[in-house]
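Asker: Quick one: structure below, then a few questions.
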Amino acid sequence: YKRQPNYVPPPPTQNEDYIKNYEQTTDMVNNYNREKQMNNSLDDMYNEIILDHYKNPRRNSKLSGDLLETKSHNPFCGDEIELQLDIDKNDNISDLSVTGRGCAISQSSGSLMGEIIYGKSVIEAKRINEIIRNLLKNEDVADNDLDSLGDAFALEGVKKFPVRIKCALLSWSALIELI
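Here this note's numbering = 1-based position in the sequence shown + 13.
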């Protein structure tokens, strides 16, 4: 078969079903692209929060006095966390320090934890710890529980990388050891 010179194929049949399917497909692609762009913006914002907490850790000044203290270590990657808690007579976390060395995820998670549990009761801190664990394990978490996490919600992106979940939970595991 040899194609004729100047051959122009006939236009596709433009029936109603074809037009309807085309429009639906176009809408789906456009919606997907908008959602992807929005997700990329959220991912960027969460990455900024994690990097900010890594570069400028909060609540990282060593404390002195009669404190609860623990050190946690992740032998798989070498991350280390030292957590100090001062719990007052009303069972509130009146002061704390989170120090350590390791990857951006482990260190920023400790900083975020320090920010969110400072001033909370031990019961509230346990509840927040449970929410973080459920979030990273991709379990259902109620919207009002997510709202209670503040910037710590940025850790949600870690669940896409199962190997890094232990890094994110290192300081939270240390917290459970103490309370």
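We put the beta carbon where it would ideally sit given N, CA and C, even for glycine. Keep in mind that this is a model prediction, so the values were computed, not measured.
#1: Which value, in whole angstroms, describes the spacing of the CA atoms of LYS193 and THR112?
#2: Roughly how far, in whole angstroms, is the beta-carbon of SER122 from the beta-carbon of LEU183, given that I think they are within contact range, below 8 Å?
#3: May I have the straight-line CA-CA distance separating GLU143 from GLU169, to the nearest angstrom?
#4: Assuming contact is defined by CB atoms lying nearer than 8 Å, are ARG114 and GLU93 in contact in what I supplied?
#5: Using the Cβ count rule (16 or more neighbours within 10 Å means buried), how would you classify VAL176?
#6: Using 10 angstroms around the beta-carbon of PRO88, count the other beta-carbons present and answer buried if the total reaches 16, otherwise exposed.
#7: Is the CB-CB distance between ILE178 and LEU149 below 8 Å?
#8: In chain order, what residues of the same chain have a beta carbon less than 6 Å from the beta carbon of ALA165, not counting five sequence neighbours either side?
#9: Just mark SER54 as buried or exposed, buried being the case when its beta carbon has 16 or more other beta carbons within 10 Å.
#10: Below 6 Å CB to CB, which residues in the same chain sit around LYS84 once its five sequence neighbours on both sides are set aside?
#11: Applying the criterion that 16 or more other CB atoms from any shown protein chain within 10 Å of the CB defines a buried residue, is SER107 buried or exposed?
#12: Taking the continuous beta strand (DSSP E) assigned at ILE192, which residues delimit it?
#13: Within the stretch 128–171, note down every full alpha helix (DSSP H) run reaching 4 residues or more, in order along the chain.
#14: Excluding five sequence neighbours on each side, which residues of the same chain lie with their C-beta closer than 8 Å to the C-beta of SER134?
Answerer: For this structure:
#1: Absent from the model: residue 193. The displayed extent of the chain is 14 to 192, so no value can be given.
#2: At roughly 7 Å, the Cβ-Cβ gap stays under 8 Å, so SER122 and LEU183 are in contact.
#3: 13 Å
#4: yes
#5: exposed
#6: exposed
#7: yes
#8: The beta carbon of ALA165 sits closer than 6 Å to those of LEU125, ILE129, all from its chain and outside the five residues before and after it, given in chain order.
#9: Annotation note: pLDDT 49 at SER54 (below 50); position unreliable, coordinate value reported separately. Classification of SER54: exposed, given that the 10 Å Cβ count is below 16.
#10: GLU95
#11: exposed
#12: Segment: none, ILE192 is in no beta strand (DSSP E) and carries neither H nor E.
#13: Complete alpha helix (DSSP H) runs here, min 4: 135–149, 156–160.
#14: ASN103, ASP104, ASN105, ILE106
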